[in-house]
Amino acid sequence: MAYAICTFCGNVCDDVEFDVNTQKGKKLCALGLAKFREKERIKSPMVDGKEVSYEEAIEKAVEILVSAKKPLLYGWASTVNEAIRYGVLLTEKVRGVYDQCASVCHAPGTLAVIEEGIPGGSLGAVKNRADMVIFWGSNPLEAHPRHPTRYSVMAKGFLIKNRKDRKVVVVDVRKTKSASMADKFIQIRPGYDYAIISALRALAKGEDIEADEVGGVPKEELAELAEEMKSAKYGVIFYGLGVTQSRGRDRNVENAVKLIQLLNRYTRWIIWPMRGHYNVVGAGEVPAWEVGYQYGIDFSRGYPRFSPAEFSAVEMLLRRDCDAMLVVSSDPAAHFPRKAVEHMKKIPVIQIDPFPNMTTLLSNVVIPSAVAGIEAEGNVYRMDGIVLRVKKLVDSQYWSDEKILHEMLKIVEEKLEG
Amino acid sequence: MLWIKNGIVIDPKNGIDGEKMDIFVKDGKIVEESEVNKNECQVIDANNKLVLAGGVDMHAHIAGSKINTGRTMRPEEMRIVRQTAGKLRASMGRVLLTSPAIGYEYAKIGYTTAVEAASPPIGSPHTHEELDAIPVVDKAALPVFGNWHPVFKFTAEKDREKLKAFIAWALERTKGFGVKVVNPGGVEAWMYGGNVRSLDDEVPNFGVTPREIITELVKANEELNLPHSVHLHCNNLGVPGNYQTTIETMKLVSGMKNDDRQVLHVTHVQFNAYAGSSWRDVASGAEEIAKVVNSMDNVTIDMGQPIFGHATAMTGDAPFQFTLHKLTGARWSNKDSEIEGGAGIVPIVYLPKNPVHALQWAIGLELGLLVDSDKVVLSTDYPNGGPYTEYPYIMAMLMSKRMREKELERVSPYVQKATSLAAIDVEKTLYEVVQMTRSLPARVLGLENKGHLGVGADADIAIYNINPAEVDPSAQYDVINAEFRRPVYTIKGGEVVVRDGAIVAETWGRTYWVDARKKVDMQAIDEDLNSFFEYYSVERRNYGVDDYWMRSPERLEVN
């Protein structure tokens, strides 16, 4: 059994163990164990379905990227920072567009950061101090199974000695599995997050609201919640896609941040998104320091421009605005709208991924890679931005994403300068 | 090999003030003439030009989660295109810069070393990833200690040996350079919505005071004999009347001595130099502070000079950042960090006509003028006071009363009432400004091969089109202000990186870190560390940075 760091979800649990020989794990949740266990792999690099060497596949991939007018380089949430960095540099060199998975999930939260900032804290701050935890439109038991035990519900810390020291509230449109662990479940009508948050802001300020109920929640219940929030010593809202992908999107988050700003005038509160993939945070942080923005970045003018919904992947594909695509550690063919995937079928697509998926089927160049956290190491950012270096447990015949992208970058530089 | 010919050298560490001389470079170092074969040298004609050591920025926020959250929060900062991508990287940013831009812009003003002044310890791998992405300059990072629970505990127990071992452990794990302290005790109080207001306020749950935390950390730092002293951001930052806390804090080290350097560096003092009792009667406390610093031989400061225009406040002083957010209504990011402290980020713009901003601007200059030039380092606390790219403006202002008079005409008249700037006749000499930007910051940091041009120094050299024999900085302040922005050459580690103000090559510097483990018994804190990690959300074995992850680490061992 070797110490490992899990590379499945944004929890990035670093207390787990795994034995590659017996395929057994310790402390891994079902999702993490499934990620770590052997499964079907892409066997070899391929060009147009024909098995080739890494060098040949990379050569072909570079040819596609260099000859494209506007290539889209997408994915990045399930690889390490070192690979992402080469990806950003590569995009800058070929004057393409960099976008990452957040543009179809938590990017509205980034827009809210631009509007209001993000009053947050690390998961350790929650574990040590939070006596009130609200999961809003997020379902940790199913999406981040060990979040409650490690960080937020059962976790014991500096001021929180046991579960009784903590009040847990789940706000959602349906009674999720996570609702069962809460002290209080508040079921809201879909699309009413914004209105409910506004009501809570008014009530917390001591103002009255004219309606008897908001979004299906009686005023009395909202008033009680507002009061509980004000009297908590240290509270946290963990929001999920229920907030970012429903009516209001970034405005919902922005409103929630304003509620947190207000609550900090009475006591301490923080808010944080429940980020999904294990390094989707890194897929935004790395381009932020290299080129200034987190996603939706176009380099066609030789410098980065940020315009969400213009340079985000789905919109690029729907407008047929890219003439080649590189997909790294992601499966847009399975998750993007049908019309977007139709354009993918018409342009050359390069895939870098350890595992075959729907995108493999329409890719012209397929480059298999080592699994980060099992076969390759590198830095990743947990959902709260805390950095962990995932481990290499076993040698592999596969090249790491980092090595593949570094080679691609070197050859692109040679071609462009030559 | 380089032969820099006929330059006019100012090198305060070696007592050289405007001598015409040649400088020879081999393998990235400055060497004796006899060491090089002149036929093989690239000759650089520095005739009638000013030759200086590369500048050293000892306090700037250039890497890690704070500046990166700042970039994310402020895409409007990224719309300034400094350079499009080509052979070199695209370079972006107004005041907040991308990592490539940070390195390029330092080189473009002749600076070759920069220190990240506040790294959250658990975030150190992120800090080093960003430092590794900054080209050209040599770098280091200061992890933040002043609100870390183990520091409270060992201070409360008065167990200096354990505190020293903890510092050595932390510097190794974070690949840190020295002991940074930010609002000691105040950030822990912020976890309960509070702050500390005096050196004797107790930190909730720990029964220690800022006075004890600072004193114990300074003593531990001195017993470890680290290259750099404790680097302190005082309590009560940004509060009218705070100059008294600052003076009281400086006096904590009275009687302590170190032959090589100060025992306490108090940073961005402008933000801690306010007299008065509220924002209505706020005034300058700079004169009082200058008197104290000048009378002590073991305290240094840096200015924290505000530059009119955009800036972004980002500090480990989380409660102050919340206060600023309430004051201005601007966006606010906050990050409470495990058991280590916190941080906050708030955009700000300094307006010349705003009485408070003008006052801050004047106080920074007063400090730079009134404090002896071997005790005050030039800084803007980038990006808190503004961009370091404006250092040439500050240099010119310090050297010219005429320039100050002209600038005073455009700022709020409140400055006339609340400061003595207009009455200050001091005009720093070129030699003194070189001290404040080169030799002094290198000495403050304890970097022996930086900030001077003696044999053995790193070949970090800046050559400017200024002839000290002909230019009168007092009258020709516009020449000073312009020429320090476009070095004829910047040479980093013996390689020419800037020519006539433009980047011509991308090189990669080193990252210094300090290893003091030999000086302590690391076993003594092993059990304590295990119990601290009960309160972390990561395992002890996964905490920190290994040097093989870094691009070019350089370990400085303390013996």
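For the protein sequence lines, the chains are A and B, in the order given. Letter 314 of the first sequence, counting from 1, is numbered 314 in the numbering used here, and no numbers are missing. Letter 387 of the second sequence, counting from 1, is numbered 1387 in the numbering used here, and no numbers are missing. By construction, the Cβ of each residue, glycine as well, lies at the ideal position given by its N, Cα and C atoms.
Beta-carbon contacts of residue i that lie in its chain and below 8 Å, excluding the five residues immediately before and after
i	result
G284(A)	Q100, A102, T110, Q294 and Y295
V1081(B)	A1090, S1091 and M1092
H106(A)	L241, T244, P273, R275, G276 and V280
R1485(B)	K1108, I1109, T1389, P1392 and G1501
E413(A)	K93
N1014(B)	H1452, L1453 and G1454
G235(A)	A130, D131, M132, V133, I134, M229, L263, T267, R268, W269 and I270
A57(A)	P45, M46, V47, V365, V366 and I367
Own chain, CB closer than 7 Å to residue i, minus 5 neighbours either side, in chain order
i	result
R1410(B)	P1352
V291(A)	V88, E92, I297 and P304
L988(B)	For residue 988(B) there is no data in the structure shown, the boundaries of chain B being 1001 and 1559.
R1074(B)	L1096, T1312 and P1347
Straight-line Cα distance separating residue j from residue i
i	j	result
V366(A)	E51(A)	9 Å
K24(A)	A30(A)	12 Å
G1276(B)	A1418(B)	9 Å
A1165(B)	K26(A)	33 Å
A1330(B)	T1312(B)	11 Å
A1475(B)	Y1464(B)	18 Å
V1292(B)	G1186(B)	24 Å
N1467(B)	V1498(B)	19 Å
D14(A)	A376(A)	16 Å
D1259(B)	K1219(B)	15 Å
L1445(B)	A1114(B)	11 Å
Y1340(B)	I118(A)	Note that residue 1340(B) corresponds to Glu in the displayed sequence, not to Tyr. Roughly 19 Å between the two C-alpha positions.
N1242(B)	F1322(B)	18 Å
P145(A)	M154(A)	12 Å
N357(A)	G248(A)	32 Å
E1405(B)	I1424(B)	10 Å
T1084(B)	I1102(B)	15 Å
I42(A)	N81(A)	23 Å
In DSSP terms, what residue i is bridged to
i	result
D1515(B)	E1557(B)
P1347(B)	T1312(B)
L388(A)	V380(A)
I297(A)	Y98(A) and F306(A)
G1342(B)	D1336(B)
M1021(B)	G1007(B)
Q1042(B)	L1002(B)
P273(A)	Y239(A)
T22(A)	Looking at the DSSP assignment, T22(A) forms no beta bridge with any residue, so it has no partner.
R268(A)	Y234(A)
M325(A)	L72(A) and V349(A)
D172(A)	Q187(A)
Close beta carbons around residue i, own chain, < 6 Å, minus the five adjacent residues each side
i	result
Q1305(B)	G1364, T1380, G1385 and I1394
S1124(B)	T1174 and V1545
V1282(B)	P1240, Y1274 and G1276
S78(A)	H277 and S329
Y1566(B)	There is simply no residue 1566(B) to check, as chain B begins at 1001 and stops at 1559 in what is shown.
T1069(B)	S1333 and I1345
E1188(B)	N1147 and V1203
Cross-chain neighbours of residue i in chain C, by beta carbon under 7 Å
i	result
V1081(B)	This model lacks chain C altogether, as its protein chains are A and B.
ask   = Taking a cut of 7 Å between CB atoms, which residues from the segment 128–148 of chain A lie near chain B?
value = N128 and R129
request  = Could you tell me which uninterrupted beta strand (DSSP E) segments, each at least 3 residues in length, are contained entirely in the segment 1044–1123 of chain B, listed from first to last along the chain?
outcome  = 1050–1053, 1055–1060, 1081–1083 and 1111–1119
key: 3-residue-minimum beta strand (DSSP E) runs that sit fully inside the segment 33–85 of chain A, ordered along the chain   = 71–75
query = Using a beta-carbon distance cut-off of less than 7 Å, what residues from the segment 1299–1324 of chain B approach chain A?
reply = F1322
ask   = Going along the segment 289–303 of chain A in order, which residues come within less than 8 Å of chain B, judged by CB to CB distance?
value = W289, E290, V291, G292, Y293, Q294, F299, R301, G302 and Y303
key: Complete alpha helix (DSSP H) runs within the segment 191–222 of chain A (minimum length 4 residues, chain order)   = Secondary structure remark: continuous alpha helix (DSSP H) runs of at least 4 residues inside the segment 191–222 of chain A, in chain order: 193–204.
ask   = Whole beta strand (DSSP E) runs in the segment 1111–1185 of chain B with 3 or more residues, listed along the chain?
value = 1111–1119, 1138–1143 and 1180–1182
key: Uninterrupted beta strand (DSSP E) stretches inside the segment 327–378 of chain A (no shorter than 3 residues)   = For the segment 327–378 of chain A, whole beta strand (DSSP E) runs of length 3 or above, ordered along the chain, are 349–353 and 365–368.
task = Scan the segment 1049–1077 of chain B for residues whose Cβ lies nearer than 7 Å to a Cβ of chain A and list them as they occur along the chain.
result = S1065, N1068, R1071, T1072, M1073 and P1075
ask   = Of all the alpha helix (DSSP H) runs that stay within the bounds of the segment 1237–1264 of chain B, which reach a length of 4 or more residues?
value = 1243–1251
Near-chain B residues of the segment 388–418 of chain A (beta-carbon distance less than 8 Å), N- to C-terminal order = L388, R389 and E417
message = Could you tell me which whole alpha helix (DSSP H) segments of length 4 or greater appear in the segment 1443–1491 of chain B?
response = 1477–1483
request  = Report the residues of the segment 106–123 of chain A with a CB closer than 9 Å to any CB of chain B, ordered along the chain.
outcome  = T110, V113, I114, E115, E116, G117, I118, P119, G120, G121, S122 and L123
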